[in-house]
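S.K.: Take a look at this one; I'll ask things after.
Numbering (full-length UniProt numbering), first residue to last: 1 to 146.
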């Protein structure tokens, strides 16, 4: 799906009373949603297995948390959170690790699709969820990056 189609869909959702729209074209699904009254619509790509989801600047995912310069990494989808690449291996990251933007932090398994969750920005991991191989809900706090 090309960027102009996505922008058109975002504009449509922004002008209408629709709060959520999901469109699939070939192997790409885009979910466009409005999080609350008065906010602009945001797009969230749903990618196939083995792809990387970078939690960018859409509403609610890359926002300052309790510390002004700390950014929250939240679960973009419901599923089973994996902190390691495979059972018995070391976790992708630990508290105190310095990470570069795009580095893999977690994998969320949803309906047999493995979504790689990447760091939205460079920084130091200051908080990690205790959940491993357990379910997370959309919007759950997974990590904080300072």
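Backbone N, C-alpha and C define an ideal beta-carbon position, used for all residues, glycine too.
Between the region 95–102 and the region 73–84, do at least 3 Cβ pairs fall closer than 8 angstroms?
M.R.: Judged by Cβ distances under 8 angstroms, the region 95–102 makes no contact with the region 73–84, as fewer than three pairs qualify.
S.K.: If we count the other Cβ atoms within 10 Å of its Cβ and call it buried at 16 or more, is residue 67 buried or exposed?
M.R.: Model confidence at residue 67 stands at a pLDDT of 43, short of 50, so the residue's coordinates are unreliable and nothing is read from them.
S.K.: Checking 7 angstroms against the spacing of the C-beta atoms, do residue 101 and residue 122 come in under that value?
M.R.: Result yes, Cβ atoms of residue 101 and residue 122 sit closer than 7 angstroms.
S.K.: Hey, how far is the Cα of residue 47 from the Cα of residue 31?
M.R.: Legend: pLDDT at residue 47 = 44, less than 50; position of this residue unreliable, no value from coordinates given.
S.K.: By the 10 Å Cβ neighbour count, where 16 or more other Cβ atoms means buried, how is residue 72 classified, buried or exposed?
M.R.: Burial call: buried.
S.K.: By the DSSP assignment, the alpha helix (DSSP H) with residue 15 in it spans what residues?
M.R.: Segment 3–15, the alpha helix (DSSP H) holding residue 15.
S.K.: In its own chain, which residues sit with a C-beta less than 8 angstroms from the C-beta of residue 84, not counting the 5 before and 5 after it?
M.R.: So the list reads 90, 91, 92 and 132, once near-sequence residues are dropped.
S.K.: Is the CB-CB distance between residue 33 and residue 20 below 7 angstroms?
M.R.: Yes, the pair counts as a contact, with Cβ atoms nearer than the cut-off.
S.K.: Taking the alpha carbon of residue 104 as the point to measure from, which residue in 112, 18 and 117 has its own alpha carbon closest?
M.R.: It is 117 whose Cα lies nearest to the Cα of residue 104.
S.K.: Nearest-angstrom Cα distance between residue 1 and residue 11?
M.R.: Cα-Cα distance, rounded: 16 angstroms.
S.K.: Buried or exposed for residue 18, going by 16 or more other Cβ atoms inside 10 Å?
M.R.: Looking at its Cβ environment, which holds fewer than 16 other Cβ atoms inside 10 Å, residue 18 is exposed.
S.K.: Do residue 126 and residue 146 have their beta-carbon atoms positioned less than 7 angstroms apart in this structure?
M.R.: Cβ distance < 7 angstroms, so residue 146 and residue 126 count as in contact.
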